[in-house]
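Data first, discussion second: the structure below is written as structure tokens.
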Amino acid sequence: MRGLVFTTGLLCAAPLASHAAEPSLTHVHPAGVPAGATTAVKLAGKFDPWPCRVWADAPGIAFTPAKDAGRFDVVVDATVKPGPHLIRAFTDEGASAPVSIVISAQPETLEAEPNDSFLAPQVLASSTAVVNGRLDKADDVDSFLVTLKKGQTMVAWVEATVLAAGFDAMLRITDAAGVTLAFNHDYVSMDPLLVFEAPQDGGCVVQTTGPKFPAASDIRFAGGEDCVYRLHVSTAPLVRNTWPLAVQRGKKSPVTLEGWNLATTTAEVDEASPPPFPVTFSDVPEVVESAEPQTLAVPSAVSGRIQTPGHEDRFSFAAAKDAKLEFTLAASSLGSRMDPWLRLLDKDGKELATNDDGGPSGEARLVWAAPADGTFTAVVGDLTRQAGSDIFYRLQIAPVVPGVSATVAAHSAKVEAGKSAELKVTVAFTHGFQTRLKLAARNLPPGLTAAEVDVPEKGGEVTLSLAAAADAPRASAPFQLVLREIEGGRERPVSYSMASTSEDNGVPKGYPKLLINTTDQLWLTVTPPPPPPAPPPPPAK
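Sequential numbering from 4 applies to the sequence shown in the numbering used here.
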């Protein structure tokens, strides 16, 4: 019932014209708004006729339309959880695809034009700030003046591709004369990050711009409604990761904090009381790399770092014949600049398996069966042969666990009263998953039914039919699809993916990582049947 409750406060936000059309929504500017405040935002897309309504994935986020199409005042309650949230524009005729908006616990700064030149930058009141900006036109460059003390460390980064922005962000820091002091194009992802130590007291200029993404045929800086970004500058304490890179659930664990401007570098973390910095929790024992050769238990995970260019870290482990193990080697997803690869060797050094990009975010993943009883070696290296404090990884070894996933290609469905509509769901079983399942719908509006459908033993495409009664009232609201275990009743959500990967002649086009990659909040629109045709005119006398 969560999604239906969320829309209750929005259904009265604005009356809809009877001829309302399905809106489209691509971006929000500003992309971040503070909790406990009212902020004017501009939605990019098509909203004809105007006004439309906006749904949010959490209570306490309410949009009120302004006079001009696409403009809203968004009121965010102080109790709303900070972080990215999903919103949709919708009418009686349908809903847009979901996009992200960030709810912040801190004040947000709005970029103000003109600020194209380092000679006339927008002055930031603090050296720690978040700026919501947009490159409004082609060849736009946004400049911001930050005042620092000599030796002070400032971390600056841009969120753009994670917002599905239409440009590939660059980040530059200059002095007052325009001399480049630091530059970055891509850091861990396509979005840039810089760590800058001020050479003297005074101001420096932080600039962001970038070419069109996906790449266009002309070479110039991009601009437009889709070129939104969030620029972060910070001289405050900032934790990049813990060491080890994960802690086991169910226990309080001491960790070392790694990052910048940290007053303390030690902490104890517990999943029951999450700390105010990023922590990864796992289901296996966590250890830290030590002197080689190091033996790992199964299951377990090790946090390691490449300290010498070209070095390869080696870990031994025991496995029985035919034991199926899964190896996951994470790096960029944890903030590392490492491009990891993984090899498995037998006791004589013969290669048994290898992987480079089999996991998410270009990380390594292997599912492997031991050919015999014995001791084997996992070898970890960096494809670019880099080394240093930001070339780190987490290698996990664990027995293969049967699993299931379910995805739907469409984020919404539409059905006319008295008719039905079909939804196709792709179900994938892995590693011998055998639990019997049914596909079901949840939180359907009045007048809608959907008979549960058996999922084939081998998975694949499953079709669910949504049937609307002849007297089904209009509806435009979220609903969910689930896989229900026939024995036990456990339900697993069916998700729609907003992230995508694609290429055109080797040129990236998709957005493999967004602030929110998937959602189980689908949308259902119920419309009345069309009016009967007008009777023919009477015959002429």
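Note that CB positions come from ideal geometry on N, CA and C, so glycine has one too. Values in this document were obtained by computation on a predicted structure and should not be read as measured data.
Measure the CB-CB distance between L241 and S306 and report whether it falls below 7 Å. In the sequence shown, counting from the first residue as 1, residue 241 sits at position 238. In the sequence shown, counting from the first residue as 1, residue 306 sits at position 303. No, Cβ-Cβ distance for L241 and S306 is not below 7 Å.
Ends of the beta strand (DSSP E) at V31? For this step, residue 31 is matched to residue 28 along the sequence shown. Where V31 is concerned, the enclosing beta strand (DSSP E) stretches over S27 to H32.
Terminal residues of the continuous beta strand (DSSP E) containing C207? As a position in the sequence shown, residue 207 is number 204, starting the count at 1. Start and end: G205 to T212.
CA-to-CA distance, P363 to D393, given in whole angstroms: Residue numbering aside, residue 393 sits at position 390 when the sequence shown is read from its first letter. Residue numbering aside, residue 363 sits at position 360 when the sequence shown is read from its first letter. If you draw a straight line from the Cα of D393 to the Cα of P363, it comes to about 19 Å.
Pick helix, strand or coil for S423, following the three-state DSSP scheme. In the sequence shown, residue 423 corresponds to position 420, counting from 1. Strand, per DSSP.
Can you list, in chain order, the residues of its chain whose CB lies under 7 Å from that of G445, leaving out five sequence neighbours each side? Position 442 of the sequence shown, counted from the start, is the residue given in the question as residue 445. The displayed chain sequence assigns Arg, not Gly, to residue 445. So the qualifying residues of the chain are F482, Q483 and V485.
Among A420, V465, L442 and V456, which has the Cα closest to the Cα of P448? Within the sequence shown, residue 448 is the residue found at index 445, counting from 1. Scanning A420, V465, L442 and V456 for the CA closest to the CA of P448 turns up A420.
Using beta-carbon positions only, say whether M157 and T212 come within less than 7 Å of one another. Here the question's residue 157 lines up with position 154 in the sequence shown. Here the question's residue 212 lines up with position 209 in the sequence shown. No, the Cβ-Cβ distance between M157 and T212 is not below 7 Å.
Check this for me: beta carbons of A356 and P343, under 7 Å apart or not? Your numbering for residue 356 matches position 353 in the sequence shown. Your numbering for residue 343 matches position 340 in the sequence shown. Not in contact: A356 and P343 (Cβ atoms no closer than 7 Å).
Nearest by alpha-carbon distance to A69: which of S146, V44, Y499 and A108 is it? Position 66 of the sequence shown, counted from the first residue, corresponds to residue 69. Measuring from the Cα of A69, the nearest candidate turns out to be V44.
Classify T94 as buried or exposed, calling it buried when 16 or more other Cβ atoms lie within 10 Å of its own Cβ. As a working mapping, residue 94 is identified with position 91 in the sequence shown. With 16 or more other Cβ atoms within 10 Å, it is buried.
Length of the line joining the Cα atoms of I489 and A412: Working through the sequence shown from its first residue, we reach residue 489 at position 486. Working through the sequence shown from its first residue, we reach residue 412 at position 409. In this structure, the alpha-carbon of I489 lies about 25 Å from that of A412.
P448 - DSSP class collapsed to helix/strand/coil: Working through the sequence shown from its first residue, we reach residue 448 at position 445. Coil, per DSSP.
According to DSSP, is V411 helix, strand or coil? Sequence index remark: in the sequence shown, residue 411 carries index 408 (1-based). Of the three classes helix, strand and coil, the one that applies to V411 here is strand, per DSSP.
Could you check the C-alpha separation between L386 and P124 for me, to the nearest Å? Mapped onto the sequence shown, residue 386 falls at position 383. Mapped onto the sequence shown, residue 124 falls at position 121. Each residue's Cα considered, the two are about 40 Å apart.
Would you grab the beta carbon distance between P302 and V287 for me? Rounded to a whole angstrom, and I think it's under 8 Å. Along the sequence shown, read from residue 1 onward, the residue named residue 302 stands at position 299. Along the sequence shown, read from residue 1 onward, the residue named residue 287 stands at position 284. So it is a contact: roughly 4 Å between Cβ atoms.
Between A179 and G206, which are expected to be in contact by the criterion C-beta below 8 Å, what is the C-beta distance as a whole number of angstroms? Translated into the one-based positions of the sequence shown, residue 179 becomes position 176. Translated into the one-based positions of the sequence shown, residue 206 becomes position 203. For a cut-off of 8 Å, the C-beta gap from A179 to G206 is around 6 Å, short enough to register as a contact.
What three-state label does DSSP hand L299 in the structure shown? Indexing the sequence shown from 1 puts residue 299 at position 296. In the structure shown, the three-state DSSP call for L299 is coil.
Considering only residues of the segment 328-394, which uninterrupted beta strand (DSSP E) runs meet the minimum length of 3 residues and lie entirely inside it, listed in chain order? DSSP runs (the beta strand (DSSP E)) wholly in the segment 328-394: 343-348, 354-358, 367-372 and 377-385.
Could you pull the start and end residues of the beta strand (DSSP E) that N520 belongs to? Residue numbering aside, residue 520 sits at position 517 when the sequence shown is read from its first letter. Taken as a continuous stretch (DSSP letters only), N520 belongs to no beta strand (DSSP E), as it is neither H nor E.
Around the Cβ of Q437, are there at least 16 other Cβ atoms within 10 angstroms (buried) or fewer (exposed)? Taking the sequence shown and counting its residues from 1, one reaches residue 437 at position 434. So Q437 counts as exposed.
Rounded to a whole number of angstroms, what is the C-alpha to C-alpha distance between V83 and Q297? Here residue 83 is taken as the residue at index 80 of the sequence shown, counted from 1. Here residue 297 is taken as the residue at index 294 of the sequence shown, counted from 1. Our two residues, V83 and Q297, have alpha carbons roughly 46 Å apart in a direct line.
State the CB to CB distance for the pair E455 and A473, rounded to an integer number of angstroms; the pair is presumed to be in contact (CB under 8 Å). Position 452 of the sequence shown holds residue 455. Position 470 of the sequence shown holds residue 473. Rounded to whole angstroms, the Cβ separation of E455 and A473 is 23 Å, and the two are not in contact under 8 Å.
Comparing C-alpha positions only, which one of F66, D60 and Q399 sits nearest to P54? Position 51 of the sequence shown, counted from the first residue, corresponds to residue 54. Minimum Cα distance to P54 is reached at F66.
Going by beta carbon distance, what residues of the same chain come within less than 8 Å of A375, once the five residues before and after it are set aside? Here the question's residue 375 lines up with position 372 in the sequence shown. Within its own chain, the residues whose Cβ lies closer than 8 Å to the Cβ of A375, once the five positions on either side in sequence are excluded, are K324, listed in chain order.
Taking the C-alpha atoms as reference points, what is the distance between P496 and E464? By one-based count along the sequence shown, residue 496 stands at place 493. By one-based count along the sequence shown, residue 464 stands at place 461. In a straight line, the C-alpha of P496 is about 16 Å away from that of E464.
Is H434 buried or exposed, if buried means 16 or more other CB atoms sit within 10 Å of its CB? In the sequence shown, the residue the question calls residue 434 occupies position 431. In summary, H434 is exposed, with fewer than 16 beta-carbon neighbours lying within 10 Å of its beta-carbon over all protein chains present.
Quick check on DSSP: helix, strand or coil for V144? Here residue 144 corresponds to residue number 141 of the sequence shown, with the count starting at 1. If DSSP states are grouped into helix, strand and coil, V144 belongs with coil.
Classify S503: buried if its beta carbon has 16 or more other beta carbons within 10 angstroms, exposed otherwise. Against the sequence shown, residue 503 aligns to sequence position 500. With fewer than 16 Cβ atoms within 10 Å of its Cβ, S503 is classed as exposed.
Range of the contiguous beta strand (DSSP E) that encloses G181: Along the sequence shown, read from residue 1 onward, the residue named residue 181 stands at position 178. Going by DSSP, G181 is part of no beta strand (DSSP E) at all; its letter is neither H nor E.
For the putative contact between V272 and V258, defined by C-beta atoms under 8 Å, what is the C-beta separation to the nearest angstrom? In the sequence shown, the residue the question calls residue 272 occupies position 269. In the sequence shown, the residue the question calls residue 258 occupies position 255. Contact holds; Cβ gap of about 6 Å.
Locate the beta strand (DSSP E) running through S505, then write down its first and last residues. Here residue 505 is taken as the residue at index 502 of the sequence shown, counted from 1. Note, S505: premise wrong, no beta strand (DSSP E); not H, not E.
Considering S545, what are the terminal residues of the beta strand (DSSP E) in which it resides? Because the chain here runs from 4 to 544, residue 545 falls outside it and cannot be looked at.
Contact under 7 Å by Cβ, T380 with R317: Taking the sequence shown and counting its residues from 1, the one referred to as residue 380 is at position 377. Taking the sequence shown and counting its residues from 1, the one referred to as residue 317 is at position 314. For T380 and R317, yes; Cβs fall inside 7 Å.
Return the first residue and the last residue of the beta strand (DSSP E) that T42 is part of. One-based indexing of the sequence shown puts residue 42 at position 39. From DSSP, the beta strand (DSSP E) with T42 extends over A40 to K49.
Beta-carbon gap between R252 and F284 smaller than 7 Å: As a position in the sequence shown, residue 252 is number 249, starting the count at 1. As a position in the sequence shown, residue 284 is number 281, starting the count at 1. Closer than 7 Å, so yes.
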